[in-house]
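All residue numbers for the sequence shown refer to UniProt numbering, where the first residue is 1 and numbers rise by one. We put the CB at the ideal spot given by N, CA and C, even for glycine.
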Amino acid sequence: MPTEATDTDAGPPPGRPPANTAAATLSAPQLHALFDILTRYETYYEVQDFRDPDTISAYGTPFVERKPPASTGNGNRDQQEGKDENDATGSTPTNVVYARQSRSPILHMLFNKTVMTLPPAQTLPPAFWHVRVQGIMEQLAGAELSESYDQGAMGTRKMLATAASALVESLGRGALGGYPAHPTSEQDKTLAEQTYDTANAADFARAWDDVLRAAVYDDLVDELFAYAATHPDMEGHSPAVAAAADYIIVHIAEFLHYVFVLSPNGRYLTKLVDSVQLLVPYSLVRQTLRVSNAATMINGMMKLLLAKLSVGGLTNWIGLTSTADDGMNLLQRIVSLVLSYDASNFKKAADKIDKERTASKAQLAAIREHMARPRAYHEAVRNESLTKASSTNDGHHASMVAAILDSVDPSLTSSLTESQYAQLAQYYAALLSVHDRRELTNVFCRQSPDLFTQAVRDGVAAFDPIIRGIHDKIDLKEHVSDIESFINEFIEISKGTKPASKTSKNEDRILPTIKDYVELLRRNRHLLYKWLHRVAHDTPDIRETFRRWAIETIKIFRGPGASESGNRDGTPTASTEKKNDLGASRLEGSAGAMDPDLRALFATLPADVQTNVVSVLDEQVAYLGALDEAAAQQRQVLLDKINAPSNTAEDESTSSSSPSSKQAPGSGRFIARWQELLDDTVIGPGTAYGPLRHGKDVAHITAPGKTGASPSGAGNSGGPNGLSGGGSNASSSKSNLRKLDGGFLSGISSALSSRNTSPERTPTPIPASAATPGRIDVGPRPPNVLPVVDALGTQFRQLLVERTSRPTEPVKDSN
């Protein structure tokens with residue numbers, strides 16, 4: 001297998017323009033700001049680029065270079081050019097070629113240095129990656145899932161993609177530049193000897209900073225593995241670890257609150273999780289885990305989850321056919337049922353508009369005709385709407401609906417009224433949502449050969465030695481029950497609590513606060529600690545395997561000058577002077593190992609461009625400093641609420657309704673940077689012809705037909721007819737899902753009914769009209785950094801590509 005080039009040995013990319021001899025020099029804060037801007041835009045570009053079917057083929061190892069599959073328009077796609085009939089059994093061409101240079105250098109670097117080095121991942125056959133996973137990724141890209149621009153609202157996939165980008169960009173900066181390596185805040189004490197006031201925001205952040213540094217540069221990872229083997233409570237290791245664990249809990253709680261409460265799709269996502277949870281046969285899983293023989297247990301679990309019973313499956317097995325539809329297994333049936341139930345609600349919204357006839361038959365037919373056209377046509381219409389302003393409509397852009405009508409018959413827009421436009425916009429959004437769910441069902445549940453099932457089988461086979469070792473020593477039934485109870489409790493909290501007033505309606509439920517999620521995680525953290533302790537104590541060989549992986553993996557975040565043991569060579573930097581100002585110390589830490597490369601890139605710019613770039617960098621330095629200061633103050637406010645008695649704690653939503661300049665979207669950079677990406681997302685005009693909108697303009701709008709979404713407030717569908725699906729209770733959800741199922745799950749109905757469901761959960765509806773707290777729209781405003789991206793973005797990308805490139809070699813497939 002070819003090896004990657006060592007990052008630290010890579011020089012500047014060839015062909016770089018000559019340096020400007022009169023170049024200005026960048027200070028450490030400016031280098032940090034430049035690094036922040038370039039990694040942010042590069043990461044988000046790479047995440048968005050996976051919409052293109054070509055991207056995965058140009059990703060590099062472990063995915064092969066090949067022509068992407070062509071879509072047939074109905075979800076059934078060939079997996080690769082030249083596919084032979086042996087692909088159904090997992091065999092692949094004898095020689096595969098990886099891309100010489102990765103199209104996604106940051107994602108490629110992180111994936112290959114973390115996921116690909118996992119012990120189970122190293123035993124996976126090559127076909128798992130470049131047949132199964134790559135095939136699924138190509139099919140998802142070829143499915144042409146809808147854009148937020150077309151929907152006129154922020155989609156769930158966009159929200160999750162931006163969250164992933166905000167997280168990955170931080171990891172990417174750490175892997176490229178290294179984690180700041182200045183000594184801990186109290187150099188005369190070891191980590192175990194230091195104490196922290198977890199009610200103080202500065203101490204809280206200092207504990208997390210010290211733990212990260214000890215993990216990267218010292219032996220904390222090794223110590224935690226050893227401690228877990230002898231102690232059931234991980235937090236007993238030291239006050240620093242206990243404070244860091246609480247730091248993680250608070251940030252996870254903030255994330256959950258943002259997704260399931262503040263997000264306009266929060267009610268819908270809660271309903272989605274609840275629907276999946278209702279269909280998981282926990283009782284049958286626990287019964288299967290009772291089997292004492294590990295091989296028999298694994299075989300039984302695979303039959304329960306992956307077995308298919310259909311005529312097509314029988315003829316494929318006999319050999320009479322090779323690509324006949326062999327039906328669905330239990331996992332696919334659950335996915336299909338949830339998505340089908342979801343799609344049916346969107347279809348009802350579209351049918352309602354169709355029957356009302358506010359819009360003409362020709363206009364509705366034009367929308368349907370557009371949906372049936374190929375991807376290239378869709379992209380051309382979107383491009384027309386996005387890039388061209390109409391000279392006859394005050395220079396405004398045509399919305400997607402207006403652009404579609406113009407592309408089919410320009411006369412259809414001449415008499416378009418506001419009410420007709422509103423109906424057509426909702427109609428188009430509903431049809432897009434139906435399309436998305438049908439395509440996802442096709443990719444995961446209706447492919448032949450079934451890549452999803454094959455991938456699951458490969459994954460289980462890779463984990464087989466680990467599963468056997470754990471099953472022989474640990475009772476897995478107990479931990480499955482722990483997972484079930486935690487998810488049930490999470491769903492109940494996300495639905496909200498009943499108001500104290502007896503006169504209030506059931507729908508007027510009080511939505512959860514961050515404190516509610518913090519308390520949920522604190523109550524259940526012992527379940528995770530119990531699992532870690534049992535694995536570390538009862539299976540020392542597995543513990544040792546993952547200990548070695550963790551120690552080697554954490555080294556990728558070491559900065560320049562660190563020895564193999566993790567100690568820094570040389571003297572501490574000036575950043576140690578501000579020991580308690582973590583935001584300032586990070587800014588003064590510059591870009592770490594990337595300093596020389598960034599200085600060299602900056603030196604290639606003309607003098608006038610350098611002046612503009614420096615001006616923007618100074619604004620970015622000020623912004624990051626203000627953001628860290630506001631986040632620290634917000635963190636203190638949040639800690640005060642969390643630590644206050646329940647009867648005196650103030651609701652987060654109440655306090656956030658009175659914004660101040662000191663507020664920030666979250667207690668750290670993650671939520672704020674995530675919200676920046678959401679706010680900057682381009683959304684189509686809200687009228688037939690109008691200015692382009694952005695994510696911040698549609699922060700409280702959801703697509704029509706989403707179950708559990710509120711018709712007003714945060715869940716506003718944006719239309720006059722209130723087409724958002726109202727909340728329905730769990731029992732009716734189960735009934736509706738079973739109607740769609742057609743009886744498949746009747747054989748496991750006893751498993752569903754035998755779950756230990758609390759009497760409060762079954763009749764609890766998701767609130768349809770709860771007052772959702774508004775998204776925090778305060779705090780520092782980011783500057784316009786596009787001049788920096790335009791000047792250095794391409795060069796920075798080429799630099800990263802060169803650092804992760806390697807020669808192309810044919811590799812013999814050992815499948």
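Beta-carbon separation (whole angstroms), residue i vs residue j, contact threshold 8 Å
i    : j    : result
A430 : F546 : At roughly 46 Å, the Cβ-Cβ gap does not stay under 8 Å, so A430 and F546 are not in contact.
A455 : V133 : 6 Å
S481 : R290 : Their Cβ separation, rounded to whole angstroms, is 13 Å, which puts S481 and R290 out of contact at 8 Å.
I249 : L639 : In fact, because the Cβ distance is near 12 Å, the residues do not count as touching under 8 Å.
L677 : Y44  : 6 Å
A550 : V221 : 5 Å
T453 : L306 : 5 Å
L269 : F255 : That belief does not hold up - the Cβ atoms of L269 and F255 are roughly 12 Å apart, past 8 Å.
G668 : H251 : 6 Å
E147 : P53  : Contact flag wrong, Cβ pair sits at about 16 Å.
Limits of the alpha helix (DSSP H) - the one that residue i falls within
i           : result
M116        : Taken as a continuous stretch (DSSP letters only), M116 belongs to no alpha helix (DSSP H), as it is neither H nor E.
G172        : T156 to G177
A215        : A201 to Y217
S336        : L330 to E356
Y59         : Taken as a continuous stretch (DSSP letters only), Y59 belongs to no alpha helix (DSSP H), as it is neither H nor E.
Q426        : E418 to C445
Y517        : I514 to D538
residue 817 : Here the chain comprises residues numbered 1 to 815, so residue 817 is not present and cannot be evaluated.
W129        : Segment: none, W129 is in no alpha helix (DSSP H) and carries neither H nor E.
G266        : G266 to L279
S385        : R375 to T387
F463        : Here F463 belongs to no alpha helix (DSSP H), and DSSP marks it neither H nor E.
Buried/exposed call for residue i, threshold 16 Cβ in 10 Å
i    : result
S419 : exposed
D450 : buried
E379 : exposed
S411 : exposed
N329 : buried
T156 : buried
V216 : buried
V97  : exposed
R206 : buried
V47  : buried
A376 : exposed
R368 : exposed
P281 : buried
S102 : buried
G236 : exposed
Q634 : buried
V682 : exposed
L786 : exposed
Three-way DSSP call (helix, strand, coil) for residue i in this model
i    : result
Y196 : coil
N95  : strand
G496 : coil
G625 : helix
G690 : strand
H231 : coil
I249 : helix
T21  : Bear in mind that the predicted position of T21 carries a pLDDT of just 45, short of 50, making it too unreliable to give a figure here.
R474 : The sequence shown places Ile at residue 474, rather than the Arg named in the question. If DSSP states are grouped into helix, strand and coil, I474 belongs with coil.
V64  : strand
S121 : For clarity, residue 121 is Ala in the given sequence; the question names Ser instead. Correct three-state label for A121: helix.
A398 : strand
V291 : coil
Best match in the options for proximity to residue i [C-alpha to C-alpha]
i    : options                   : result
G177 : L31, I642 and W208        : L31
A175 : L38, G625, A593 and D608  : A593
V789 : I37, R375, F260 and L26   : I37
A192 : L118, D203, P180 and D210 : D210
T160 : F796, H251, R213 and N265 : Correcting the residue type first, residue 160 is Leu in the shown sequence and not Thr. Checking every option, the nearest Cα to that of L160 belongs to N265.
D409 : E384, A422, A365 and P119 : A365
S275 : P180, F444, E235 and Y341 : Y341
D203 : E356, I493, A228 and P239 : P239
A372 : A600, L432, H231 and V115 : L432
T288 : L278, A33 and K303        : K303
E169 : V460, T39 and L212        : T39
F225 : K158, V273, H533 and A425 : H533
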